[in-house]
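> Please see the structure below; I have some questions.
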Amino acid sequence: MKFDLKTLRALVAGDRYADRVVPPTGFTAQLTLFVSGAMAFLAVFALALSLASGRLADRWGDELARTATIRIVAPEDQRAIQTNAALQVLSTTPGIADARALTDEEQQALLAPWFGQDLPLDTLPVPRLIEIEATDQGFDVTGLRLRLAAEVPGAVLDDHGRWRAPLVSAAQRLRLLGWTVALLIVGAVAAMVTLAANAALAANAQVIAVLRLVGATDSYIANAFVRRFTLRALVGSAVGVVVGVLAVWLMPSGGDTPGFLTGLGFQGVGWLVPLLLPPVCGGVALFATAYAASRALRTLT
Amino acid sequence: MKFDLKTLRALVAGDRYADRVVPPTGFTAQLTLFVSGAMAFLAVFALALSLASGRLADRWGDELARTATIRIVAPEDQRAIQTNAALQVLSTTPGIADARALTDEEQQALLAPWFGQDLPLDTLPVPRLIEIEATDQGFDVTGLRLRLAAEVPGAVLDDHGRWRAPLVSAAQRLRLLGWTVALLIVGAVAAMVTLAANAALAANAQVIAVLRLVGATDSYIANAFVRRFTLRALVGSAVGVVVGVLAVWLMPSGGDTPGFLTGLGFQGVGWLVPLLLPPVCGGVALFATAYAASRALRTLT
Amino acid sequence: MIELENVAYSYGGGELLSDISVKLAPGSFHFLTGPSGAGKTTLLKLCYGALLPTAGHVRLFDRDVRSLQRDDIAKVRRRVGVVHQDVQFLDHLPVSDNVALPLTVSGRQAETANGDLTELLAWVGLTNRSDAMPPELSGGERQRAALARAVIMSPDVVLADEPTGNVDWDMSQRLLTLLVELNKMGKTVLIATHDLSLIRAAKAQVQARVLRISNRRVQLAGADL
Amino acid sequence: MIELENVAYSYGGGELLSDISVKLAPGSFHFLTGPSGAGKTTLLKLCYGALLPTAGHVRLFDRDVRSLQRDDIAKVRRRVGVVHQDVQFLDHLPVSDNVALPLTVSGRQAETANGDLTELLAWVGLTNRSDAMPPELSGGERQRAALARAVIMSPDVVLADEPTGNVDWDMSQRLLTLLVELNKMGKTVLIATHDLSLIRAAKAQVQARVLRISNRRVQLAGADL
Ligand SMILES: Nc1ncnc2c1ncn2[C@@H]1O[C@H](COP(=O)(O)OP(=O)(O)OP(=O)(O)O)[C@@H](O)[C@H]1O
Ligand SMILES: Nc1ncnc2c1ncn2[C@@H]1O[C@H](COP(=O)(O)OP(=O)(O)OP(=O)(O)O)[C@@H](O)[C@H]1O
Ligand SMILES: [Mg+2]
Ligand SMILES: [Mg+2]
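As given, the protein sequences belong to chains A, B, C and D, one line each in that order. Position one of the first sequence corresponds to residue 229 (my numbering), numbered consecutively onward. Position one of the second sequence corresponds to residue 229 (my numbering), numbered consecutively onward. Position one of the third sequence corresponds to residue 39 (my numbering), numbered consecutively onward. Position one of the fourth sequence corresponds to residue 39 (my numbering), numbered consecutively onward.
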């Protein structure tokens with residue numbers, strides 16, 4: 229089957245005679261609709277999982293960019309001086325994009341879970357925290373630690389990246405898993421539509437023989453099947469996507485609590501991603517059926 | 229189609245003549261195999277998600293049992309006395325199963341992320357923490373707060389349950405989602421196998437007519453189809469489960485980092501849960517096909 | 039054997055057959071004739087329970103068809119060999135297996151009848167086509183295979199719908215001889231055909247009654263044939 | 039029109055047809071006869087490109103079949119009306135649509151030929167069955183519908199395989215008359231049949247040549263018919 233413009237136009241425009249000439253394929257039709265629908269539904273969840281873990285990976289990745297903190301443990305009167313000295317050191321360390329001391333309010337917020345909101349920071353020898361944002365190349369942790377030991381005796385370097393990096397890569401893996409599953413699903417739809425189209429073609433061998441006998445061309449016969457299966461995959465996956473998106477949307481969001489689980493939904497333009505599924509499924513069905521039909525028609529005489 | 233013992237025995241034992249009498253259904257067969265396989269594969273992931281979030285919900289639920297902490301903020305010399313007073317109060321509060329003060333080591337571990345390992349607890353006015361484990365009925369938070377205010381001036385009650393409960397319910401929802409998806413998948417397999425069986429029966433109307441003509445009984449014809457589709461659903465889902473379990477097993481576990489993402493696998497007897505899928509799919513296929521066949525055979529004369 | 043009593047049949051529109059009473063006694067030989075579309079095939083289908091009469095009674099082996107369960111009908115069909123007008127086979131099995139199919143579905147092993155099978159295939163002239171697949175047969179070969187399939191169980195009754203429509207004169211005589219021999223063994227035979235020369239040829243060999251459908255009724259055709 | 043030159047054909051085993059040279063001139067009327075399994079259907083299939091010869095050349099409308107693209111074959115088939123021995127229809131469309139099918143697939147609207155369609159259905163005696171579905175037709179009705187379908191495009195060539203196998207004598211005369219009339223309009227006609235009386239009847243109406251297949255060859259049958 230050649231795939232030129234004319235064929236494509238005929239395919240889109242349809243031909244009510246050609247459509248009638250192939251019998252309604254009953255259960256195969258329902259099967260195709262159902263398979264596309266069910267798979268699209270599952271794909272929506274896979275995409276939701278993927279986008280959610282993508283967001284998580286991004287957020288954690290951002291936090292990872294602020295890879296490290298420095299704690300200045302020093303007597304009250306020394307604290308400000310040592311903090312400035314540390315900032316000085318950091319500003320001359322290669323690989324550090326930005327460094328700043330946390331304000332009192334920020335420290336209070338960090339410590340609140342342990343000491344309550346009413347922590348009297350000034351009466352406590354709470355260490356001052358400096359947040360370090362590394363460049364993409366990162367900095368030499370050991371080198372910095374040595375310099376600090378020499379120049380700022382009260383500074384302790386804490387390399388958060390150590391334990392956050394695996395989490396970020398885990399989130400990235402989960403995103404990858406989501407996309408893989410979504411891709412697998414599209415592949416499965418392709419395989420299933422091909423098989424269903426083949427089953428329909430095989431079941432309609434007599435119809436094809438009759439059409440051949442009265443002088444129908446291959447593309448005439450093929451288009452009747454291709455149009456049908458494409459339409460079914462399109463409609464089926466559209467319904468599946470709508471139901472899937474509704475299900476994701478209706479899923480209780482767990483209030484304002486932060487965290488991974490509550491984020492399993494779409495955000496912003498993310499809601500548009502599932503809308504790609506029906507055209508993708510339809511396109512996949514188009515080519516799968518065209519391939520199946522051209523092969524089947526070549527073997528039947 | 230009656231479903232007595234004889235039928236079932238014939239079904240299991242098979243009949244090489246009856247099997248030959250129905251033509252190999254080619255693409256419908258492959259479709260059934262593939263659908264069962266793909267769906268089983270996805271179901272394995274849904275189950276993995278479900279079991280993992282179930283574990284998470286359980287763990288968080290356990291932590292939730294220790295719903296609250298009390299912070300004793302008091303001058304060094306008062307601290308031990310007030311701590312004992314608070315424990316005294318707690319021991320007489322209804323709804324509290326257990327209460328104990330954290331040891332120095334435990335507090336140090338909790339604070340390490342902020343102050344480092346070398347925190348001199350005794351030189352700092354760090355509040356003493358008391359962990360409260362509530363009974364299932366829970367306790368009256370406001371009442372306890374009033375009593376503490378009266379008897380232990382330095383005690384601050386912190387109700388962790390407030391912000392943890394939604395997380396636990398989110399994990400439970402995720403577990404529910406996993407099971408729902410797994411159930412949906414089994415339902416989809418049932419629907420698809422029914423449709424595929426119907427398609428095969430419709431495509432083989434001539435075969436059925438011939439068999440009828442030469443005196444085959446309905447159950448003879450039905451069994452030939454039922455056996456086939458059951459076998460395919462069984463084999464397909466078995467392959468899907470094996471591949472799915474392998475994929476879950478091979479998924480990089482992200483090292484020893486704790487947290488949700490790294491737990492997306494099976495643990496212990498959890499590995500056996502996916503093994504339930506093939507028999508379930510096979511059973512579902514058995515009844516779906518038997519239903520489809522008995523209906524189709526009743527309409528065809 | 040087979041008894042139709044005041045039977046009427048309609049496919050939904052007007053009545054195609056009305057008030058028909060026919061009795062096929064054991065060992066009798068009947069022809070059924072009439073113009074195309076008269077209802078020959080329909081009458082045959084009534085005779086083996088593929089259709090239920092819209093009025094009147096059809097008795098197969100002394101049981102009313104309406105009282106038969108689905109499995110009973112299957113059992114009746116094992117005692118009635120039918121040659122369909124539009125001959126159908128299982129296209130995925132070779133001719134020999136198709137011919138032996140009635141044995142297979144009734145649980146008898148095809149092997150036990152192996153001798154019969156070879157002999158039968160030889161009789162209908164399909165010995166060298168026995169391994170062919172049905173779609174590879176010529177029109178006449180299909181009809182002969184169908185006749186072989188109808189008689190392999192040596193059924194009590196043989197109903198044949200245009201069994202010689204696609205074969206040449208010599209072969210049709212041969213098939214007729216086969217049916218006459220079965221009849222001589224005591225089997226009941228009914229042949230629907232529009233081929234009057236076949237009927238004439240048969241009358242020389244066996245005492246056959248000719249039923250003619252015209253105007254929705256069945257009449258006994260006289261000596262005019 | 040159609041020309042076979044030293045054609046041989048085999049289905050894989052031995053040669054079924056050898057060294058056959060036949061030329062169907064425009065406007066000629068041929069019968070093809072021979073015993074069951076001789077290769078009549080096979081020869082017909084060679085004549086409309088459903089089979090390719092294993093040796094020799096088949097020329098359809100002056101083009102060698104081997105040089106035809108798939109779409110060319112489709113176009114050739116619109117100029118050749120074929121009645122298959124095992125008549126097949128689209129079972130989901132009524133008889134009238136099936137008869138008009140060649141018009142539909144060639145892009146011509148069935149409406150333009152509406153008058154022709156009604157007339158044609160009347161000629162083959164299917165006027166009151168035109169809304170029936172093909173599975174509801176009797177054997178003879180199917181054959182008549184197939185003949186109507188074969189001639190609706192008024193093709194240059196009509197190839198009919200046993201077109202009267204299932205109809206009574208009166209109807210077969212009627213169908214023969216239809217084919218003779220088409221021939222008189224200049225169409226080429228080839229009828230494969232085992233019914234010698236049909237050939238005899240035709241000879242009274244038209245100058246027909248009779249080809250007989252025997253021993254893998256085609257011979258011109260003489261006055262012995
Ligand atoms: N399933 C059906 N539904 C409706 N009408 C039917 C059905 N089957 C047959 N008929 C009609 O009933 C009439 C008798 O059909 P039947 O097949 O019995 O004829 P017949 O005598 O066998 O003819 P022929 O010699 O052509 O085979 C025909 O007009 C046919 O169209
Ligand atoms: N596809 C095929 N494969 C193998 N052999 C075939 C095939 N089609 C036909 N034959 C064999 O070729 C021979 C000729 O078949 P053909 O159909 O041409 O005969 P015919 O002359 O039309 O016979 P009839 O009068 O019985 O219709 C037969 O023996 C048949 O079994
Ligand atoms: Mg009939
Ligand atoms: Mg033939």
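Note that the Cβ used here is the ideal one computed from N, Cα and C, for glycine as well. Predicted model only: the values in this text are computed from it and were never measured.
1. Closer than 9 Å, Cβ to Cβ, to anything on chain C: give me those residues from the stretch 67-83 of chain D, in chain order.
2. Excluding five sequence neighbours on each side, which residues of the same chain lie with their C-beta closer than 6 Å to the C-beta of residue 127/D?
3. Kindly confirm or deny that the stretch 401-416 of chain A and the stretch 274-286 of chain A touch, where touching means at least three C-beta pairs closer than 8 Å.
4. Kindly indicate which three-state DSSP category residue 337/B falls into: helix, strand or coil?
5. Note down, in chain order, all residues in the stretch 191-221 of chain D with a beta-carbon under 8 Å from any beta-carbon belonging to chain C.
6. Would you call the CB atoms of residue 232/C and residue 80/C closer than 8 Å?
7. Suppose you measure from the CA of residue 84/D to the CA of residue 228/D; what does that come to, to the nearest Å?
8. Output needed for residue 155/D: all residues of its chain with C-beta closer than 8 Å, excluding positions within five of it in sequence on either side, in chain order.
9. What are the start and end residues of the beta strand (DSSP E) that includes residue 67/C?
10. Name the residues in the stretch 423-452 of chain A whose C-beta lies less than 9 Å from a C-beta of chain D; which are they?
11. For residue 314/A, which of 286/A, 384/A, 335/A and 270/A has the nearest alpha-carbon?
12. Select from 377/B, 386/B and 378/B the residue whose C-alpha is nearest the C-alpha of residue 361/B.
13. Please confirm whether residue 256/B has its beta-carbon closer than 8 Å to some beta-carbon of chain A.
14. Quick one: give me the first and last residue of the beta strand (DSSP E) that residue 226/C is part of.
15. Would you tell me roughly how many angstroms separate the C-alpha atoms of residue 100/D and residue 259/B, rounded to the nearest one?
16. What does the alpha-carbon distance come out to for the pair residue 215/C and residue 97/C?
17. Tell me which residues of the stretch 116-140 of chain C have at least one Cβ-Cβ distance to chain D shorter than 8 Å, keeping chain order.
18. With a cut-off of 8 Å, does the C-beta of residue 39/C fall near any C-beta of chain B?
19. Please write down, chain order preserved, every residue whose beta carbon lies under 6 Å from a heavy atom of ligand 5.
20. Using a Cβ cut-off of 9 Å, pull out every chain B residue sitting near residue 113/C, in sequence order please.
21. Within the 8 Å Cβ cut-off, does residue 177/C reach chain D?
22. Check the Cβ-Cβ distances between residue 143/C and every residue of chain B, and say whether any is below 8 Å.
23. To which residues does DSSP link residue 251/C through a beta bridge?
24. Do the stretch 456-465 of chain B and the stretch 433-443 of chain B touch if we need at least three Cβ pairs shorter than 8 Å?
25. Look up residue 53/D in the DSSP assignment and say whether it is helix, strand or coil.
26. Just to confirm before moving on: does the CB-CB distance between residue 198/D and residue 185/D stay below 8 Å?
27. What would DSSP say about residue 522/A, mapped onto helix, strand or coil?
28. Within the present structure, is the beta-carbon of residue 47/D separated from the nearest heavy atom of ligand 2 by less than 7 Å?
29. Rounded to the nearest angstrom, what separates residue 144/C and residue 270/A at their Cα positions?
30. Any beta carbon from chain C within less than 8 Å of residue 252/B's own beta carbon?
31. Can you tell me where the beta strand (DSSP E) holding residue 47/C begins and where it ends?
32. Does residue 263/B come within less than 8 Å of chain A when only Cβ atoms are used?
33. Are the CB atoms of residue 62/D and residue 40/D within a distance shorter than 8 Å?
34. Closer than 7 Å to a non-hydrogen atom of ligand 2 - does that hold for the CB of residue 53/D?
35. Less than 7 Å separating the Cβ of residue 41/D from some heavy atom of ligand 1?
36. Name, in chain order, the residues that DSSP records as bridge partners for residue 119/C.
Short version:
1. 71, 72, 73, 74, 75, 76, 77, 78, 79 and 80
2. Stepping through the fourth sequence from its first residue, residue 127/D is reached at position 89. Counting only Cβ-Cβ distances below 6 Å, and skipping sequence neighbours, we find 136 and 172.
3. yes
4. Taking the first residue of the second sequence as position 1, residue 337/B is located at position 109. Looking at residue 337/B - three-state DSSP - the assignment turns out to be helix.
5. 199, 200, 203, 204, 205, 206, 207, 208 and 209
6. Numbered from its first residue, the third sequence carries residue 232/C at position 194. Numbered from its first residue, the third sequence carries residue 80/C at position 42. The answer is no: Cβ separation not under 8 Å.
7. One-based indexing of the fourth sequence puts residue 84/D at position 46. One-based indexing of the fourth sequence puts residue 228/D at position 190. The alpha-carbon atoms of residue 84/D and residue 228/D are separated by roughly 13 Å.
8. Taking the fourth sequence and counting its residues from 1, one reaches residue 155/D at position 117. Excluding residues within five positions, the ones whose Cβ falls inside 8 Å are 134, 137, 138, 148 and 190.
9. Numbered from its first residue, the third sequence carries residue 67/C at position 29. Unbroken beta strand (DSSP E) run through residue 67/C: 67-71.
10. 434, 435, 437, 438, 439, 440, 441, 442, 443, 444, 445, 446, 447, 448 and 449
11. Along the first sequence, read from residue 1 onward, the residue named residue 314/A stands at position 86. Minimum Cα distance to residue 314/A is reached at 384/A.
12. Taking the first residue of the second sequence as position 1, residue 361/B is located at position 133. Ranking 377/B, 386/B and 378/B by Cα distance to residue 361/B puts 386/B first.
13. Within the second sequence, residue 256/B is the residue found at index 28, counting from 1. Yes, residue 256/B counts as interfacial toward chain A.
14. Here residue 226/C corresponds to residue number 188 of the third sequence, with the count starting at 1. Looking at the DSSP string, the run of the beta strand (DSSP E) that includes residue 226/C is 226-230.
15. The residue you call residue 100/D lines up with position 62 of the fourth sequence. The residue you call residue 259/B lines up with position 31 of the second sequence. If I take the Cα positions, the gap works out to 46 Å.
16. As a working mapping, residue 215/C is identified with position 177 in the third sequence. As a working mapping, residue 97/C is identified with position 59 in the third sequence. Between residue 215/C and residue 97/C, the C-alpha separation is close to 29 Å.
17. 123 and 124
18. Taking the first residue of the third sequence as 1, we reach residue 39/C at position 1. For residue 39/C, the answer is no, since every Cβ of chain B falls outside 8 Å of its Cβ.
19. This structure lacks ligand 5; its bound ligands are ligand 1, ligand 2, ligand 3 and ligand 4.
20. Counting from one through the third sequence, the residue named residue 113/C turns up at place 75. The contacting residues are 443 and 445.
21. Indexing the third sequence from 1 puts residue 177/C at position 139. Yes, because at least one Cβ of chain D sits closer than 8 Å to the Cβ of residue 177/C.
22. Position 105 of the third sequence holds residue 143/C. Yes, residue 143/C lies at the interface with chain B (some Cβ there is under 8 Å from its Cβ).
23. Looking up residue 251/C in the third sequence gives position 213. Answer by DSSP bridge pairing, in chain order: 256/C.
24. no
25. If you number the fourth sequence from 1, residue 53/D lands on position 15. Coil.
26. As a first step, residue 198/D is located in the fourth sequence; it is residue number 160 there, counting from the start. As a first step, residue 185/D is located in the fourth sequence; it is residue number 147 there, counting from the start. In contact: residue 198/D and residue 185/D (Cβ atoms closer than 8 Å).
27. For the purposes of this step, residue 522/A is taken as the residue at position 294 of the first sequence. Residue 522/A: helix per DSSP, three-state reduction.
28. Along the fourth sequence, read from residue 1 onward, the residue named residue 47/D stands at position 9. Flag unset: Cβ of residue 47/D not near ligand 2.
29. In the third sequence, residue 144/C corresponds to position 106, counting from 1. In the first sequence, residue 270/A corresponds to position 42, counting from 1. Distance between the alpha carbons of residue 144/C and residue 270/A: 47 Å.
30. For the purposes of this step, residue 252/B is identified with residue 24 of the second sequence, where counting begins at 1. Answer yes: the Cβ-Cβ gap between residue 252/B and chain C drops below 8 Å somewhere.
31. On the third sequence, position 9 is the one that residue 47/C refers to. Taken as a continuous stretch (DSSP letters only), the beta strand (DSSP E) holding residue 47/C covers 40-48.
32. Here residue 263/B corresponds to residue number 35 of the second sequence, with the count starting at 1. It does: the Cβ of residue 263/B has a partner Cβ on chain A nearer than 8 Å.
33. Taking the first residue of the fourth sequence as 1, we reach residue 40/D at position 2. Taking the first residue of the fourth sequence as 1, we reach residue 62/D at position 24. Against a cut-off of 8 Å, the Cβ pair of residue 62/D and residue 40/D comes out as a contact.
34. Counting from one through the fourth sequence, the residue named residue 53/D turns up at place 15. No - ligand 2 has no heavy atom lying nearer than 7 Å to the Cβ of residue 53/D.
35. In the fourth sequence, the residue the question calls residue 41/D occupies position 3. No, since every heavy atom of ligand 1 falls outside the 7 Å radius drawn around the Cβ of residue 41/D.
36. By one-based count along the third sequence, residue 119/C stands at place 81. BP columns for residue 119/C point to 196/C.
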